[in-house]
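So the sequence lines, in the order shown, correspond to chains A and B.
1 is the number of the first residue of the first sequence in the UniProt record's numbering; add one for each residue after it.
1 is the number of the first residue of the second sequence in the UniProt record's numbering; add one for each residue after it.
Ideal Cβ placement from N, Cα and C applies to all residues, glycine included.
There are 2 protein chains.
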Amino acid sequence: MRENKFMTIYEDVVANIQSGQLRPNTKLPSENELVEQYETSRETIRKALNLLSQNGYIQKMKGKGSFVLDVSRFDFPISGLVSFKELAEKLGHESHTVVEEFGLIKPDEELRTQLHVTSKDTVWKVVRAREIDGERIILDKDFFNKKFVPHLTEDICRGSIYEYLEKEVGLKISFAKKEISVDELTEDDRHYLDLKEYEHIVVVRNYVYLDDASLFQYTESRHRLDKFRFVDFARRGV
Amino acid sequence: MRENKFMTIYEDVVANIQSGQLRPNTKLPSENELVEQYETSRETIRKALNLLSQNGYIQKMKGKGSFVLDVSRFDFPISGLVSFKELAEKLGHESHTVVEEFGLIKPDEELRTQLHVTSKDTVWKVVRAREIDGERIILDKDFFNKKFVPHLTEDICRGSIYEYLEKEVGLKISFAKKEISVDELTEDDRHYLDLKEYEHIVVVRNYVYLDDASLFQYTESRHRLDKFRFVDFARRGV
DNA sequence: AAGTGGTCTAGACCACCAT
DNA sequence: TGGTGGTCTAGACCACTTC
Chain A
1 MRENKFMTIY EDVVANIQSG QLRPNTKLPS ENELVEQYET SRETIRKALN
51 LLSQNGYIQK MKGKGSFVLD VSRFDFPISG LVSFKELAEK LGHESHTVVE
101 EFGLIKPDEE LRTQLHVTSK DTVWKVVRAR EIDGERIILD KDFFNKKFVP
151 HLTEDICRGS IYEYLEKEVG LKISFAKKEI SVDELTEDDR HYLDLKEYEH
201 IVVVRNYVYL DDASLFQYTE SRHRLDKFRF VDFARRGV
Chain B
1 MRENKFMTIY EDVVANIQSG QLRPNTKLPS ENELVEQYET SRETIRKALN
51 LLSQNGYIQK MKGKGSFVLD VSRFDFPISG LVSFKELAEK LGHESHTVVE
101 EFGLIKPDEE LRTQLHVTSK DTVWKVVRAR EIDGERIILD KDFFNKKFVP
151 HLTEDICRGS IYEYLEKEVG LKISFAKKEI SVDELTEDDR HYLDLKEYEH
201 IVVVRNYVYL DDASLFQYTE SRHRLDKFRF VDFARRGV
């Protein structure tokens, strides 16, 4: 009984949709019926249903009911804050990470503005090449303020840094701002990636914030043009 | 008194943030204080605050209070479901639209899968080149199922089709799925756009759904590499 | 008229934070 | 200890859809 009630209900319904027990285009039980099924109040049921709606699982229709959306087409590659490791595992690809650079640096002017640090701060710099199906197609450059991440090793970087920070260090990631653009190649790109004949590269700049709204990480994820894909689900208005 | 209470409060706070009355990193009044200010119940206040949090305006901290963020609201280029016209106006650029193709077609196989229509359906096809600051840099290809859009004119397409559909036809757009990738140039791209030396183009595929979860529009928005930018704000977990 | 989801209320208990 | 946001409850009225 550790979890919230509404989250338990949400996860239960998601499981039922993904297992096929609740099929696309069929109607969910009404809110009042769910109140009885889960022995809870209507507002709690509505909290769970609103979460399902936001995440693209159901469509609510006034006077009619809630209907299961055909979510099978929604295979979220990079949407949200999913890390490379989670992503590769989800898609079932053969993936490999090479740590190309690792260490503490003094931030230059560009990085100081991006990470909101001063020249007195020290910053972790991690550069990793991502190999999928035998080709090096993604270059991740991560910068962490040492104030939030006192200790880091090359070995941790070979795995998932996020997993380490959340589970071991106990940092709580709250939100992120993502910017996607297409840039010209840099020396590093040519040096660390298998680029074919391409002249440009897709750059995803990620600003990651903690629970207390402090910026603790800046990441540049550089993707080879032909392998880049981003999927987004958005609701209009509320 | 037409609007919802929580939406009125939300818009009021947004206005206060944007006007500078509520400054970044300052604390909002507590929920109980807001209850008194707005003469409403706490759940209604919380509904407004959750909306502010989701949209990146504030950060809520248990035991401390809600704080104004300064992260977001710079410039949201394509995030959400903003149309080209809204976007150009927001950024204050000189923009111009040329309708290159307009008419009813029978969908080919590719389009039939994308729009979920059969060969018996008729589909509006609209191709528009978007000129910003004197350069033609975006090519929008829109396809509407005629079932939902019985009437359409070239003149409407020169303005905002969305505005026409929502205000005149009364269609209620509910959600959309967006896919971003980088493709090779097509004949149309070379023909209708000012492309410089680029060999590739950023393609945003947009699947737009109505209130009743029916797919009514498929759009391909093709952006010249150097002019493309996408910004996204995402919260972790709930 | 009956059922549905959308909004709102008034109150309760909890976990967390500051003091 | 008092204030804060997070969760949950039980009930009410409304607008919309269906019969």
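Reference residue i, options the options, closest by Cα
| i | options | result |
| --- | --- | --- |
| B/Val-231 | A/Asp-133, A/His-191, A/Asp-189 and A/Lys-177 | A/Lys-177 |
| A/Val-204 | A/Lys-172, A/Val-182 and A/Glu-31 | A/Val-182 |
| A/Lys-47 | A/Phe-6, A/Lys-106 and A/His-151 | A/Phe-6 |
| B/Pro-150 | B/Leu-139, B/Gly-134 and B/Glu-168 | B/Glu-168 |
| A/Cys-157 | A/Arg-130, A/Thr-44, A/Asp-70 and A/Ile-9 | A/Arg-130 |
| A/Tyr-38 | A/Thr-8, A/Ile-173 and A/Lys-146 | A/Thr-8 |
| B/Lys-27 | B/Ile-138, B/Met-61, B/Tyr-10 and B/Pro-107 | B/Met-61 |
| B/Phe-70 | B/Glu-187, B/Gly-134, B/Ile-138 and B/Asn-25 | In the sequence as presented, Phe is not what sits at residue 70 of chain B; that position holds Asp. Checking every option, the nearest Cα to that of B/Asp-70 belongs to B/Asn-25. |
Test item: CB-CB of residue i and residue j under 7 angstroms
| i | j | result |
| --- | --- | --- |
| B/Leu-22 | B/Val-68 | yes |
| A/Leu-115 | A/Tyr-209 | no |
| B/Phe-216 | B/Phe-148 | yes |
| A/Gln-59 | B/Ala-15 | no |
| B/Asp-211 | B/Ile-201 | no |
Alpha-carbon spacing of residue i relative to residue j, whole angstroms
| i | j | result |
| --- | --- | --- |
| A/Val-13 | A/Gly-92 | 25 angstroms |
| A/Leu-51 | A/Leu-185 | 40 angstroms |
| B/Glu-110 | B/Leu-225 | 25 angstroms |
| B/Tyr-207 | B/Ile-161 | 15 angstroms |
| A/Gln-54 | A/Tyr-164 | 29 angstroms |
| A/Gln-18 | B/Ile-132 | 44 angstroms |
| A/Val-123 | B/Thr-122 | 58 angstroms |
| B/Gly-56 | A/Phe-143 | 23 angstroms |
| B/Arg-222 | B/Ala-234 | 24 angstroms |
| A/Thr-118 | A/Ile-105 | 12 angstroms |
| B/Asp-194 | A/Ile-180 | 22 angstroms |
| A/Lys-64 | B/Gly-170 | 19 angstroms |
| B/Glu-154 | B/Lys-146 | 15 angstroms |
| A/Asn-32 | A/Glu-43 | 10 angstroms |
| B/Phe-175 | A/Asp-108 | 42 angstroms |
| A/Leu-139 | A/Glu-199 | 15 angstroms |
| B/Tyr-10 | B/Lys-120 | 46 angstroms |
| A/Asn-4 | A/Ser-41 | 13 angstroms |
| A/Gly-20 | A/Ile-45 | 21 angstroms |
| B/Lys-172 | B/Glu-166 | 6 angstroms |
| A/Glu-36 | A/Arg-112 | 55 angstroms |
| B/Leu-152 | B/Glu-187 | 26 angstroms |
| B/Gly-134 | A/Gly-134 | 44 angstroms |
Whole-Å CB distance - residue i paired with residue j, under 8 angstroms assumed
| i | j | result |
| --- | --- | --- |
| B/Arg-128 | B/Thr-97 | 5 angstroms |
| A/Gly-103 | A/Lys-125 | 6 angstroms |
| A/Tyr-192 | A/Glu-94 | A/Tyr-192 to A/Glu-94, Cβ: 19 angstroms. No contact. |
| A/Leu-49 | A/Ser-30 | In fact, because the Cβ distance is near 11 angstroms, the residues do not count as touching under 8 angstroms. |
| B/Lys-141 | B/Glu-220 | 4 angstroms |
Listed by chain order, chain A residues near residue i by CB distance under 8 angstroms
| i | result |
| --- | --- |
| B/Ala-212 | According to the sequence as given, residue 212 of chain B is Asp; it is not Ala. Within chain A, the residues near B/Asp-212 are Gln-59 and Met-61. |
| B/Arg-229 | Glu-179, Ile-180 and Ser-181 |
Within chain B, the residues that residue i reaches when beta carbons sit closer than 8 angstroms
| i | result |
| --- | --- |
| A/Leu-225 | Val-182 and His-200 |
| A/Phe-67 | Ala-213 |
Contact list for residue i against chain B, beta-carbon separation under 9 angstroms
| i | result |
| --- | --- |
| A/Ala-176 | Asp-232, Phe-233, Ala-234, Arg-235 and Arg-236 |
| A/Glu-220 | The contacting residues do not exist; A/Glu-220 stays about 15 angstroms from chain B at best. |
Within chain B, the residues that residue i reaches when beta carbons sit closer than 7 angstroms
| i | result |
| --- | --- |
| A/Phe-216 | By Cβ distance, chain B contributes nothing, its closest Cβ being about 13 angstroms from A/Phe-216, past 7 angstroms. |
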